[in-house]
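Reviewing the structure listed below.
Protein chains in written order, with the numbering used here: chain A, 166 to 282; chain B, 365 to 681.
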């Protein structure tokens with residue numbers, strides 16, 4: 166790691182990301198790391214549970230740059246078809262819609278060259 | 365006049381906002397920063413003290429000087445070419461942050477909300493102090509990485525813990541979530557891993573219901589959230605299907621304090637969470653400057669998208 170990169174990672178209070186915070190990109194592969202042993206794992210993560218499988222996923226869609234909305238495979242805007250109004254369990258948390266986690270996670274932009282949380 | 369929407373590609377609320385702004389006759393440019401640099405480019409020149417130029421997407425070009433309002437919804441991280449080395453990639457990300465991010469964040473537009481204000485408001489410890497300063501009741505709170513301190517705090521009454529940052533991580537190939545937890549004796553008996561970071565614990569606040577208050581400029585919409593399961597009684601986010609909703613009016617002094625708190629953070633939009641006690645006292649839990657509102661609009665019929673569209677349409681006039 167270079168000195169410049171370390172500066173970002175080690176900023177203890179307000180990261181540079183927070184100056185223009187960006188969210189976790191949709192489709193980013195999930196981290197495959199296993200949890201550490203209980204002797205090491207942060208106590209605050211004891212309550213972490215896998216995302217409920219009841220969340221609905223939108224499988225066939227694309228972004229229509231001209232109309233500036235997401236559309237289905239036929240080109241119909243999702244908000245006019247089966248997607249319906251936003252609901253809490255639609256799609257998944259932090260993946261672009263209302264999810265079990267109701268608030269956005271902005272501060273994603275990696276300040277250090279390691280996988281994001 | 366143009367409204368710039370910074371949002372993900374798949375975002376139902378952003379889709380609705382595009383429609384709402386078109387209905388109001390506005391020019392809209394929706395941008396996801398993840399398109400940079402493959403599908404998004406910037407050219408900005410400093411002229412007479414402000415940035416002049418454009419943002420260009422595959423189908424739209426927006427003149428920076430035409431932007432009079434920005435909805436900072438949930439833009440994603442820049443996506444750099446895969447062939448770059450890690451050092452090169454982070455160089456590009458950093459330069460894009462200060463270059464594209466810097467130009468955009470300097471725009472003299474109405475921001476909902478400005479990213480720097482989002483950053484200011486992101487710290488729950490700051491929120492709690494500020495909320496108290498503006499007259500809101502807040503829970504007794506301890507932030508520590510000392511096991512003895514949390515045991516002592518918990519000995520004085522029912523205690524909960526919740527995360528101060530994101531309540532989600534990516535691990536073992538999938539997403540994991542964490543909700544508010546009531547601490548039991550078994551939690552306090554095994555505090556291994558407590559020292560490695562700070563933790564927030566709070567005194568349990570007796571509740572008859574909870575409330576989410578959505579603030580859009582000077583409009584305040586309060587929704588009572590009633591739990592329908594033991595899990596949702598602890599944290600309503602954990603069991604959405606059993607929740608019921610009801611529009612309510614917060615006490616006048618609470619509404620005044622909410623507006624003062626929002627002004628102090630210079631936020632135009634915010635979603636604030638409260639516990640309403642059996643004595644009808646409103647206890648502030650947190651302020652989500654990027655909090656969701658779409659499902660509340662669907663459940664209550666309050667046209668929150670329209671309220672926000674009106675604010676963006678008016679812009680900085």
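In this text, a Cβ means the ideal position worked out from N, Cα and C, and glycines have one as well. Predicted, not measured: the structure shown is a model, and the values here were computed from it.
The DSSP-derived three-state label of residue 230 of chain A is coil.
The beta carbon of residue 641 of chain B sits closer than 6 Å to those of 570, all from its chain and outside the five residues before and after it, given in chain order.
By the C-beta density criterion, residue 377 of chain B is buried, having at least 16 other C-beta atoms within 10 angstroms. Residues of chain B whose Cβ lies closer than 7 Å to the Cβ of residue 238 of chain A do not exist; the shortest such Cβ separation is about 14 Å. With contacts defined as CB atoms closer than 7 Å, residue 637 of chain B and residue 576 of chain B qualify as a contacting pair. Neighbours of residue 425 of chain B in chain A, taken as residues at a C-beta separation under 9 Å, are lacking, since the least C-beta distance is about 12 Å. DSSP places residue 464 of chain B within a helical segment (H, G or I) once states are collapsed to three. Annotation for residue 564 of chain B: the continuous beta strand (DSSP E) segment containing it runs 563-567. Between the region 235-248 of chain A and the region 428-446 of chain B there are fewer than three inter-stretch CB-CB distances shorter than 8 Å, so the stretches are not counted as touching.
Scanning A:188, A:184, A:197, A:194 for the CA closest to the CA of residue 399 of chain B turns up A:188.
Rounded to whole angstroms, the separation of the alpha carbons of residue 408 of chain B and residue 599 of chain B is 46 Å.
Residues 617, 621 of the same chain have their beta carbon placed closer than 7 Å to that of residue 499 of chain B, with the five preceding and five following residues left out of the count. In this structure, residue 540 of chain B lies away from residue 650 of chain B, with their beta-carbon atoms at least 7 Å apart. For residue 225 of chain A, no chain B residue has a C-beta closer than 7 Å to its own C-beta; the minimum C-beta separation is roughly 11 Å.
Residue burial annotation: residue 611 of chain B is exposed, with fewer than 16 other C-beta atoms found within 10 angstroms of its C-beta. With the criterion set as a beta carbon lying under 8 Å from some beta carbon of chain A, the members of the region 547-560 of chain B are 551, 554, 555, 556, 557, 558, 560, in sequence order.
The DSSP-derived three-state label of residue 597 of chain B is helix. Looking at the DSSP output, residue 417 of chain B shares a beta bridge with B:408.
7 Å or more divides the Cβ of residue 504 of chain B from the Cβ of residue 583 of chain B.
If you look at residue 634 of chain B, you'll find it in the beta strand (DSSP E) that goes 633-640. At a cut-off of 7 Å between beta-carbon atoms, residue 204 of chain A makes contact with chain B. Within the same chain, Cβ atoms closer than 7 Å to the Cβ of residue 418 of chain B are found at 407, 425, 426, 427, 428, the five residues on either side in sequence being excluded. Shown here, residue 458 of chain B sits in a helix according to DSSP, grouped into three states.
Excluding sequence positions up to five before and after residue 676 of chain B, its CB lies within less than 8 Å of the CB of 367, 381, 385, 390, 433, 435, 474, 476, all in the same chain and listed in chain order.
In the displayed model, residue 479 of chain B falls within a helix according to three-state DSSP.
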